[in-house]
Amino acid sequence: MSPRAGTVGSRRRPSKGDLTSQAILDTAARLLRTRSLDDISVDELAAGAGISRSTFYFHFASREAVLHALSGAVLDALYESASTWLRRGDEPPEVAIRRALGAGLALWRKHGAVLRAAVRARDTDPMMREFWSGVARRFVEATASQIELERAAGTAPAGPDARSLAAVLMSMNEQGFLSRSRSRRSTVRDRELVDTLTCVWLRSVYGSTRSDSPQ
């Protein structure tokens, strides 16, 4: 039975403000597929959402704030995909890592325009730079914690400082996914990238390859 309105667990219907904000975000995501954020005006974002310029500023302080909101949603999804390995339980490391990397690449394929714009913006926009720093810490700290757990359990051998290793691996993922998101879609090449990244992760964390990865 569906919960009745007002009961615990029921979903609030989107308000007019919610719908307007989403229309702005959808417009920005669409325009970013072919143009940079610098080439997109507030007037275009407002027109695409069917609102006035003043209404736009009621919802977002700037174009950069729109990109910040778009990036936050995508990066939350990326973190969830990475959690496949972080919550692997008794699953073989190779299976969990490969699935997490495949899901991450799929999200870069789907939201590449937004993520590429965010990567560019972090070099010039202080708000985006601070945002990315926070995201990086979240990913690195979670990954380092998992590496330490694997070592404590005897699944992974001792090695470099867990946080330093996590930072290198996460940077490698970003660069690989960023590069692939710019290129023409190819199932074969995407699979090759995931295979390569999986091999590097297994060697770096577990000291093993696919053929002898810990079970």
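Residues in the sequence shown are numbered consecutively from 7, following the numbering used here. A virtual CB, placed ideally from N, CA and C, is assigned to each residue, including glycine. Quick caveat: nothing in here was measured; it's all calculated off a predicted structure.
message = Please classify Ala159 as buried or exposed, where buried requires at least 16 neighbouring CB atoms within 10 angstroms.
response = Stepping through the sequence shown from its first residue, residue 159 is reached at position 153. By the 10 Å Cβ count, Ala159 comes out exposed.
| Span of the alpha helix (DSSP H) around Thr33 | Locating residue 33 in the sequence shown gives position 27, counting from the first residue. Unbroken alpha helix (DSSP H) run through Thr33: Lys22 to Leu37.
Quick one: using the 10 Å Cβ neighbour count with 16 as the cut-off for buried, is Asp96 buried or exposed? Position 90 of the sequence shown, counting from 1, holds the residue named residue 96. Label assigned to Asp96: exposed.
| query | Would you call the CB atoms of Pro163 and Gly213 closer than 8 Å? | reply | For the purposes of this step, residue 163 is taken as the residue at position 157 of the sequence shown. For the purposes of this step, residue 213 is taken as the residue at position 207 of the sequence shown. In contact: Pro163 and Gly213 (Cβ atoms closer than 8 Å).
query: Taking all protein chains shown into account, do 16 or more other C-beta atoms lie within 10 angstroms of the C-beta of Ser77, making it buried, or fewer, making it exposed?
result: To locate residue 77, count along the sequence shown from 1; it is residue 71. So Ser77 counts as buried.
Using only the alpha-carbon positions, how far apart do Phe137 and Arg128 sit? Along the sequence shown, one-based indexing puts residue 137 at 131. Along the sequence shown, one-based indexing puts residue 128 at 122. So the alpha carbons of these two residues sit roughly 8 Å apart.
message = Suppose you measure from the CA of Asp131 to the CA of Leu113; what does that come to, to the nearest Å?
response = Counting from one through the sequence shown, the residue named residue 131 turns up at place 125. Counting from one through the sequence shown, the residue named residue 113 turns up at place 107. Near 24 Å, if we compare the C-alpha coordinates of Leu113 and Asp131.
Q | Beta-carbon proximity of Leu199 to Gly182, cut-off 8 Å | A | As a first step, residue 199 must be located in the sequence shown, where it is residue number 193. As a first step, residue 182 must be located in the sequence shown, where it is residue number 176. Against a cut-off of 8 Å, the Cβ pair of Gly182 and Leu199 comes out as a contact.
*Every unbroken alpha helix (DSSP H) inside the segment 59-113 [4 residues or more]*: 59-65 and 69-92
Query raised in the report: Do the segment 113-123 and the segment 148-155 meet, that is, are 3 or more Cβ pairs less than 8 Å apart?
Result: no
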